[in-house]
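Participant:
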Amino acid sequence: MAERNNLIQFLVLVWFSAALVHGMERHYKFNVVMKKTTRLCCSKSIVTVNGKFPGPTIYAREDDTVIVKVVNHVNYNITLHWHGVRQMRTGWADGPAYITQCPIQPGQAYTYNFTVTGQRGTLLWHAHILWLRATVYGAIVILPKPGVPYPFPHPHQEKLLIIGEWWKSDVEAVVNEALRSGLAPNVSDAHTINGRPGPVSSCNRRGFNLSVKKGKMYLLRFINAALNDEVFVRIAGHKFTVVEVDSSYVKPFETDTILISPGQTTGAILSADHPDPAGRYLITVSPFMDAPIDVDKVSATAVLKYSGASAAVATVTTAPPPINATWVSNGFINSLRSLNSAAYPAQVPLEIDHSLFFTAGLGFNPCPSCPRKNKIVAYMNNVTFLMPEIALLQAHYYKIKGVFTDDFPARPPNEYNYTGQQPANLHTMEGTRVYRLGYNSTVQIVLQDTAMIAPESHPVHLHGFDFFAVGRGLGNFDPVKDPKKFNLVDPVKRNTIGVPTGGWAAIRFRADNPGVWFMHCHLEVHTTWGLKMAFVVHNGKGPDQSLIPPPTDLPKC
Ligand code: C2O
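The sequence shown begins at 902 in the numbering used here and counts up one residue at a time.
This is the structure in C-alpha cells:
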C-alpha cells in the first residue's frame, strides 16, 4: 500500500513538473466570418474572426501551447499568421500563404498548434494572404511564466491599443485595381484605434476611450496592425515609459512620442498622475512619412479620461509630430536598448557565418495588359519574388522539385550608389528564390534602401526569429567604417526593423529554427509588389533540431 502511495506520489510529481515545464494548453476557436459594419459612415461587409473587429485576443504565458482551430466560413482563401511567435520547429503553424502552407479554402478548417518559448510581451496575429489583414487582425499577449514578475513595477491594469487602417471601399477591390493598372493602390481613408477612427470629418463617430484611475499605473500594449503606414502615438499631458518591443524587454526610457511601424508592437507604462483628473486628454495616432510618397494623412484620435470625468470630448489637446518628423523617429529608435540583465541577457552573435547585403527598393517591369505598359514592382537584391503555387515549406519537406530555386543572391547583382544617381534600367529579375542557411549558423543582414523610383523606409519583418538591430545609418552602408559603430552589447531585439528612408539597417540572428522563413517589407503594398524572399534553414543533427512532421489537416493547394 505504502509502495502504491509512493508510486502515485511519484507519478503526480512527474506530471506536475512536466506541466510546469511545458506550460498550459490554451484552446481557441476562430471562425472566419463576414460581418456587416457601418463604421466611418459607410456600410460594408468585412472579413472578421468570430464577428469581432479587431479580432479576439490570444492570451498565453511563456511556455504555453496555443491551439487555434480556424474554420473558414467566407468566400476567400484564408491563412492566419502569429506575427513574431518564433514557431520553434513548427513552421507549419506560421501561416504565410504559399510560404509555409496552402490556404484554408472556403468551408475548410485548419488547426494551428504552437508553443510560445523565450518571449514575453505583446505580439499580433493577422491574416497572411492578399490584403485580408486589413480587417483580420488581433492581439497576442504573452505573460511571464507563473510566479515570474515583470522587470518593471506591476501595473494596475493592462490596456490594448491596436492601430489599423480603414478603406471605405472593399480592400480586395482596391488591391485588385492596383494590380490591373500597375499603379499604386489608393491610400486608406482613416487610421483606427481599436477599430475606431475617432471623430473624423463629416462622420462624427465615437472614438475609443482609455479610462484610467488617478494615481494608478497602466501597461499600454500598442500594436501597429496597419497595412502601409508607420505611425506616431501621443497622449496629451502624459509621457510613456517604454518597457518592451516585439515581445522582448527593453531598458525603460521616457518619451512623449512612440513610433510604431506596421508589424511592430510597443509595451509602455503610463502613470495616471495628471494634476487635473477632470481633463480629457487627446490621444493621436498620426502617420510618419519622410519621403515624397502619398499616405493617408488623417490622424486617428481617442481620449484618455480619468474615472469620474464626464463624456469623452478631449479638453486637453496635443499636436501630432509633423508627418515628416525624421528627428522624432530617430530619437525614439535610438533610445531602444535590450534590457540585457542577468535574467534576460542579450545573446548577440559575435562571429558571423553568413554576411549578407540586401538592397530593397522599387522598380518598373513590362506589363502588356497595363494601361502604361509597365507596372510598379519591388525587390530585394533586384529579385522580385514570385509567389509559388505550392507552399515552399511543403516543397522543402517533401523535396518537390521546380517550386523554388536556391540562388537568392547574397549581394545585389550590380553595385552602384544605391541612394544616389539610379541606373537607367529600372527592371528587376523575377523569381522564387531562397537563401539556404545551415542549422545554428549566424547571420548578419545589412538592409539597404535604394532611391530607385523614390527612397522610402521599409519595416522589414523576418518570420521564425527575433534578431538584434545592431546598427543603422543614412546613405550607403560603409562596410569598413560602419561595423565599427555596431552595438553588440545591448542592441534592441525585434522581429520587424525599420530600414530608414535613404539609409540602411543591420541585423544579426542565429539560424536555430529549421524550416522555411519568409522575410518581407511589412508595408503590404511593397509585399504585393514583390519586396520579399525566404530563407530555408536546414535541420540540425541533435534530437530537437528538426522541423516536426506536418499535421494531418495541413491544407492542400
Ligand atoms: Cu506580420 Cu509575414 O507578417
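Built from N, CA and C at the ideal position, the CB exists for glycine as well.
Could you tell me whether the Cβ atoms of R1334 and V1284 are closer together than 8 angstroms?
Facilitator: Yes.
Participant: Considering only DSSP beta bridges, list what L1294 is partnered with.
Facilitator: Answer is none; L1294 lacks a bridge partner.
Participant: Which residue marks the beginning of the alpha helix (DSSP H) containing L1080, and which one marks its end?
Facilitator: Start and end: 1072-1082.
Participant: Tell me whether the beta-carbon of V1146 lies closer than 8 angstroms to the beta-carbon of L1205.
Facilitator: No. Outside cutoff.
Participant: What separation, rounded to the nearest whole angstrom, lies between the Cα atoms of V1249 and R1409?
Facilitator: Cα-Cα distance, rounded: 7 angstroms.
Participant: Where does K1394 land, buried or exposed, given buried means 16+ other C-beta within 10 angstroms?
Facilitator: So K1394 counts as buried.
Participant: Does DSSP put P1392 in a helix, a strand or coil?
Facilitator: Three-state DSSP puts P1392 in a strand.
Participant: Can you list, in chain order, the residues of its chain with a C-beta nearer than 7 angstroms to that of P1221? Leave out the 5 residues immediately preceding and following it.
Facilitator: Same-chain partners within the cutoff: F1133, R1135, T1185, S1187, S1200.
Participant: Using only alpha-carbon positions, find the residue among P1313, T958, I1346 that is nearest to I1253.
Facilitator: When each option's Cα is compared against that of I1253, the closest is I1346.
Participant: Could you round the C-beta distance between F1378 and W1405 to whole angstroms and report it? I think they count as a contact, below 8 angstroms.
Facilitator: Sure, about 4 angstroms apart at Cβ, within 8 angstroms.
Participant: Would you tell me roughly how many angstroms separate the C-alpha atoms of K1060 and Y1119, rounded to the nearest one?
Facilitator: Distance between the alpha carbons of K1060 and Y1119: 7 angstroms.
Participant: Return the Cβ separation of V950 and F931 in integer angstroms, given the expectation that the two are a contact with Cβ distance under 8 angstroms.
Facilitator: Going by Cβ atoms, the distance from V950 to F931 rounds to 5 angstroms, so yes, they are a contact pair.
Participant: CB-CB under 6 angstroms to F1436, same chain, minus the five flanking residues each way: which ones, in chain order?
Facilitator: The residues are Y1336, L1338, W1418.
Participant: By alpha-carbon positions, which one of G1096, R1107, N1087 ends up nearest to N1129?
Facilitator: Comparing Cα-Cα distances from N1129 to each of G1096, R1107, N1087, the minimum goes to N1087.
Participant: According to DSSP, is I1449 part of a helix, a strand, or is it coil?
Facilitator: Correct three-state label for I1449: coil.
Participant: So what does L1257 bridge to, in DSSP terms?
Facilitator: DSSP output for L1257 lists I1346 as bridge partner(s).
Participant: Got a sec? Which residues, its chain only, sit under 6 angstroms from V1304 by beta carbon, not counting five neighbours each side?
Facilitator: Answer for V1304: P1289, I1291, A1296, listed in chain order.
Participant: Can you tell me where the alpha helix (DSSP H) with H1092 in it begins and where it stops?
Facilitator: Looking at the DSSP string, H1092 is not in any alpha helix (DSSP H); the run it does join, the beta strand (DSSP E), is 1091-1094.
Participant: Could you check whether the Cβ of F1387 sits closer than 7 angstroms to any heavy atom belonging to ligand 1?
Facilitator: No, ligand 1 has no heavy atom inside 7 angstroms of this Cβ.
Participant: Would you kindly work out how many angstroms separate the C-alpha atoms of V856 and D1307, rounded to a whole number?
Facilitator: Nothing about residue 856 can be reported from this structure: the residues present for the chain run from 902 to 1458 only.
Participant: I'd like to know whether the C-beta atoms of I1161 and F1123 end up nearer to each other than 8 angstroms.
Facilitator: Yes, the Cβ-Cβ distance between I1161 and F1123 is below 8 angstroms.
Participant: Could you pull out every residue in the same chain whose Cβ sits closer than 6 angstroms to the Cβ of E1155, ignoring the five residues on either side in sequence?
Facilitator: Closer than 6 angstroms at Cβ, skipping near neighbours: K1140, T1142.
Participant: Tell me whether F1015, by its Cβ, gets closer than 7 angstroms to a heavy atom of ligand 1.
Facilitator: The answer is no for F1015.
Participant: Helix, strand or coil: which one does DSSP assign to P1384?
Facilitator: The answer is helix: DSSP assigns P1384 an H, G or I state.
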